[in-house]
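Trainee: Sharing a structure with you now.
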Amino acid sequence: MCGRFVSSSSADAISKFFGASFEGEALPANFNVAPTQDVLAVLADASGERSVQTFHWGLVPSWAKDTKIGSKMINARSETIAEKPAFKGLFKKHRLLIPMDGFYEWQQGVEGGPVTKAGKPVKTPMFIHRADGELLAVAGLWATWRDRALGPDAPWLHSCTVITTAANETMAPVHNRMPVILPANKWSEWLDPTNGDLTALQGLLLPAANDVLTMHAVSTEVNNARNTGSQLIEPVAL
Numbered sequence: 201m202c203g204r205f206v207s208s209s210s211a212d213a214i215s216k217f218f219g220a221s222f223e224g225e226a227l228p229a230n231f232n233v234a235p236t237q238d239v240l241a242v243l244a245d246a247s248g249e250r251s252v253q254t255f256h257w258g259l260v261p262s263w264a265k266d267t268k269i270g271s272k273m274i275n276a277r278s279e280t281i282a283e284k285p286a287f288k289g290l291f292k293k294h295r296l297l298i299p300m301d302g303f304y305e306w307q308q309g310v311e312g313g314p315v316t317k318a319g320k321p322v323k324t325p326m327f328i329h330r331a332d333g334e335l336l337a338v339a340g341l342w343a344t345w346r347d348r349a350l351g352p353d354a355p356w357l358h359s360c361t362v363i364t365t366a367a368n369e370t371m372a373p374v375h376n377r378m379p380v381i382l383p384a385n386k387w388s389e390w391l392d393p394t395n396g397d398l399t400a401l402q403g404l405l406l407p408a409a410n411d412v413l414t415m416h417a418v419s420t421e422v423n424n425a426r427n428t429g430s431q432l433i434e435p436v437a438l
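Heads up, the sequence shown stops at 438 in our numbering, and the numbers go up one at a time, no gaps.
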C-alpha cells in the first residue's frame, strides 16, 4: 500500500525532469501528501507530447454516484489491474506517472519496544526514497468524473490511483507492498495511450531493483496529515 508520499519538487522541476509541459496552477510543496488531496502527474497524448496536470488522489470512476469512493481507491494492485471492473478500462488507455520525492511506510513495532495507550507496539514511520536522490516515477491510472445532477456544464474532476506491486528485498522488512516505480526507458511505453498491448504493459509492473531505494526512520509527526513541513523527512534515531 502507498498511503502518504512527499511532493516537494516544483511543477517546473517536474516538467523538466519528464520532458513535459505545464500550464496549470502550481501546487505548494507538501511533505505529507494524503489521500483526497491534489497531486501533480504526467501523461502523454497520442503524439507522445507529455504534460503535467493536477489530479485528485483517490480514483473516482465515471460511473460513481459521488466522490466518496475515491478515499477507498488510492491504490490499485498490479496483479489484478486488468481484471477489476474499476481499473481494466483505464488500464487500456488512461495511464500516467505520479512524481514523488519519496513515500512513507510504517514498520511494525517490536516486542518489548514502545507501546501506544492501547498497549499495542508503536509503528515506526519510514521515509523511502531513491538512493540517487532523483524523483520517483510511480505508475498510476486516471479517470474523469462529474456530478450529472448538476447538468452538462458541471465541472470535471480528474482523479488518479497509485499502482502497487509486491515488495522488493529493500521494502520487505517494512511492508509487503510498494508502489510500481518505472525507469526512464519505460516511461514512453507506459504513457502512450495508443499502446494496447496489455500483456506487455502488465509486464512493466514489477518491483524496483533492490538498489533503487533507501530509507530511514522519521518522526511520528507524519502520522498527522496536517503536518506538511520538510522536518517530516529528517532522520530520527530508532
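All residues carry an ideal CB built from backbone N, CA and C; glycine is no exception.
#1: Have a look at VAL322 and GLN308 and give me their C-alpha separation to the nearest angstrom.
#2: What is the rounded straight-line gap between the Cα of ASN368 and the Cα of ASP353?
#3: According to DSSP, is GLY340 helix, strand or coil?
#4: Can you give the beta carbon distance from LEU341 to ALA276, rounded, assuming they're within the 8 Å contact cut?
#5: Write down the C-beta distance between HIS329 and GLY289 rounded to the nearest angstrom, noting that I regard them as a contact closer than 8 Å.
#6: How would you write the range of the beta strand (DSSP E) that GLU305 sits in, first residue to last?
#7: Roughly how many angstroms separate the alpha carbons of ALA220 and VAL242, rounded to a whole number?
#8: Alpha helix (DSSP H) containing THR214: first to last residue?
#9: PHE327 and HIS416 - do their beta-carbons sit closer together than 8 Å?
#10: For the beta strand (DSSP E) that contains PRO355, what are its first and last residues?
#11: Have a look at PHE217, ALA213, ALA437, SER262 and flag the residue whose alpha-carbon is nearest the alpha-carbon of ASP347.
#12: On the DSSP letters alone, give me the boundaries of the beta strand (DSSP E) that THR254 sits inside.
#13: In angstroms, rounded to a whole number, what distance separates the CA positions of ALA437 and GLU279?
#14: Nearest by alpha-carbon distance to CYS202: which of ASP392, VAL260, ILE298, LYS293 is it?
#15: By Cβ distance below 6 Å, which residues in the same chain neighbour THR394 in space, the five residues on each side in sequence not counted?
#16: Can you name the residues that DSSP bridges to LYS381?
Mentor: On the basis of the data shown:
#1: Cα to Cα, VAL322 sits roughly 7 Å from GLN308.
#2: Taking the straight line joining both Cα atoms gives about 46 Å.
#3: In the structure shown, GLY340 sits in a strand (DSSP, three-state: E or B).
#4: Sure, about 6 Å apart at Cβ, within 8 Å.
#5: Rounded, the Cβ-Cβ distance is 32 Å, inconsistent with contact.
#6: That run of the beta strand (DSSP E) goes 302-307.
#7: Roughly 8 Å separates the two Cα atoms.
#8: Residue identity differs from the one stated: residue 214 is Ile in this sequence, not Thr. That run of the alpha helix (DSSP H) goes 211-218.
#9: Yes, they are a contact pair.
#10: Element bounds for PRO355: n/a, residue is neither H nor E.
#11: Per the Cα distances, SER262.
#12: That run of the beta strand (DSSP E) goes 250-257.
#13: GLU279 has its alpha-carbon roughly 36 Å from the corresponding atom of ALA437.
#14: Of the candidates ASP392, VAL260, ILE298, LYS293, ILE298 places its Cα closest to the Cα of CYS202.
#15: The residues are ALA246.
#16: The amino acid at residue 381 is misidentified as Lys; the sequence shows Ile. Per DSSP, the beta-bridge partners of ILE381 are VAL338.
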